[in-house]
Amino acid sequence: MKKDQLLLVTLFLLSALSLSAQSDGPQRRFEGGLVAGFNMSQVDGDLLHGFHKIGVNAGGRVNAVLNERWRIGLELLFSQQGASRGRLDNPASQYDKIRLNFVEAPVLVHFQDWKIQATAGVSYGRLINYEVIDYTGEDATEQIPLRENLFSIVLGGTIFVSDNFGINIYWSKWLNNLRIGDTSTPTPVGGESGKFIGRNVTVRGVYMF
Numbered sequence: 002m003k004k005d006q007l008l009l010v011t012l013f014l015l016s017a018l019s020l021s022a023q024s025d026g027p028q029r030r031f032e033g034g035l036v037a038g039f040n041m042s043q044v045d046g047d048l049l050h051g052f053h054k055i056g057v058n059a060g061g062r063v064n065a066v067l068n069e070r071w072r073i074g075l076e077l078l079f080s081q082q083g084a085s086r087g088r089l090d091n092p093a094s095q096y097d098k099i100r101l102n103f104v105e106a107p108v109l110v111h112f113q114d115w116k117i118q119a120t121a122g123v124s125y126g127r128l129i130n131y132e133v134i135d136y137t138g139e140d141a142t143e144q145i146p147l148r149e150n151l152f153s154i155v156l157g158g159t160i161f162v163s164d165n166f167g168i169n170i171y172w173s174k175w176l177n178n179l180r181i182g183d184t185s186t187p188t189p190v191g192g193e194s195g196k197f198i199g200r201n202v203t204v205r206g207v208y209m210f
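One rule links them: number in my numbering = place in the sequence shown (from 1) + 1.
See below:
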């Protein structure tokens with residue numbers, strides 16, 4: 002399964018490069034690019050606060066150029082998300098770390114004016130694997146079943162410092178609860194919601210061909 006997903010990401014990147022190469026010129030209809038950076042993540046519902054979990058966010062993108070200002074784009078990403086305990090977090094939380102590895106496919110609408118690009122869209126994520134470490138340092142992954150499918154809303158923008166290279170910042174929030182279970186039943190620790198709803202701040206470099 003992991004090999005198939007890696008192959009899919011590789012084929013997507015090659016397709017992005019090919020489309021970009023075939024669309025050179027003033028009337029280009031497609032453009033491809035690469036993105037690489039990091040997520041700062043947290044998960045609401047675990048009593049851990051702050052965007053302490055740092056993970057990779059990297060992959061490729063293809064844009065359909067509608068006109069000078071508007072584009073519709075698709076990205077295919079490897080994205081690491083989750084949560085990590087900070088020094089000032091609630092000591093009652095049963096979690097120390099939550100590590101989540103996704104393949105993500107955001108569908109995005111871009112509006113560009115001069116060197117500023119505003120972006121909004123939705124993303125589908127497929128959970129590849131994950132690890133949950135409890136407050137004692139023990140592996141609690143089997144006790145915390147998670148869904149494989151994730152949907153998110155994405156907002157953000159890019160500042161292009163040259164014709165090809167830009168600095169990209171996104172904010173995203175999960176639209177569905179990743180944790181499997183009956184959220185109406187009591188949780189092990191008071192104050193935990195029984196839901197996992199994540200939020201991310203993503204900082205990346207973008208190179209468009």
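Where a beta carbon is used, it is the ideal one built from N, C-alpha and C, also for glycine.
Note down, in chain order, each residue of its chain lying with its Cβ closer than 8 Å to the Cβ of residue i, except the 5 sequence neighbours on either side.
| i | result |
| --- | --- |
| Gly182 | Pro146 and Gly195 |
| Glu139 | none |
| Asn91 | Leu48, Leu49, His50 and Gly192 |
| Leu156 | Thr120, Ala121, Tyr171, Trp172 and Ser173 |
| Asn150 | Tyr125, Gly126, Arg127, Leu128 and Asn177 |
| Arg180 | Gly46, Ile145, Pro146, Leu147, Arg148, Gly195, Lys196 and Phe197 |
Report, in whole angstroms, the separation of the C-beta atoms of residue i and residue j, which I expect to be a contact under 8 Å.
| i | j | result |
| --- | --- | --- |
| Leu109 | Gly122 | 4 Å |
| Glu105 | Asn64 | About 17 Å; that fails the 8 Å criterion. |
| Val204 | Phe39 | 6 Å |
| Arg200 | Asp45 | 7 Å |
| Arg62 | Gly34 | 5 Å |
Using the Cβ count rule (16 or more neighbours within 10 Å means buried), how would you classify residue i?
| i | result |
| --- | --- |
| Phe103 | buried |
| Thr186 | Because the pLDDT at Thr186 is just 48, under 50, the model does not fix this residue reliably, and the value given afterwards should be weighed accordingly. The residue in question, Thr186, is exposed, as its Cβ has fewer than 16 Cβ neighbours within 10 Å. |
| Met209 | buried |
| Gln144 | exposed |
| Glu69 | exposed |
| Lys116 | exposed |
| Glu76 | buried |
| Leu67 | exposed |
| Ile99 | buried |
| Leu89 | exposed |
| Phe197 | buried |
Tell me residue i's beta-bridge partners as DSSP assigns them.
| i | result |
| --- | --- |
| Asp45 | Ile198 |
| Glu76 | Arg62 |
| Phe31 | Ala65 |
| Ala93 | In DSSP, Ala93 forms no bridge with anything. |
| Arg205 | Gly38 and Asn169 |
| Arg100 | Gly83 and Glu132 |
| Arg180 | Leu147 |
| Gly56 | Asn40 |
Excluding the five sequence neighbours on either side, which residues of its own chain have a C-beta within less than 6 Å of the C-beta of residue i, listed in chain order?
| i | result |
| --- | --- |
| Ile168 | Ile160 |
| Gln113 | Arg70 |
| Phe166 | Tyr208 |
| Gly83 | Ser42, Lys54, Ile99, Arg100 and Leu101 |
Among the residues of its own chain, which have a CB less than 7 Å from the CB of residue i, if the five just before and after it don't count?
| i | result |
| --- | --- |
| Leu176 | Phe152, Ser153 and Ile154 |
| Val57 | Phe39, Phe79 and Gln81 |
| Ala37 | Ala59, Arg205 and Gly206 |
| Asn130 | Asn102 |
| Phe52 | Met41, Ser42, Gln43 and Val202 |
Just to check, is the beta-carbon of residue i closer than 8 Å to a non-hydrogen atom of the ligand ATP?
| i | result |
| --- | --- |
| Thr142 | Looking at this structure, you won't find the ligand ATP or any other ligand, since it has none at all. |
Could you confirm whether any beta carbon from chain C is found closer than 9 Å to the beta carbon of residue i?
| i | result |
| --- | --- |
| Val110 | You won't find chain C in this structure, because it holds only one protein chain. |
Subject >> Runs of alpha helix (DSSP H) wholly within the region 104-177 (minimum 4 residues, chain order) >> reply: none
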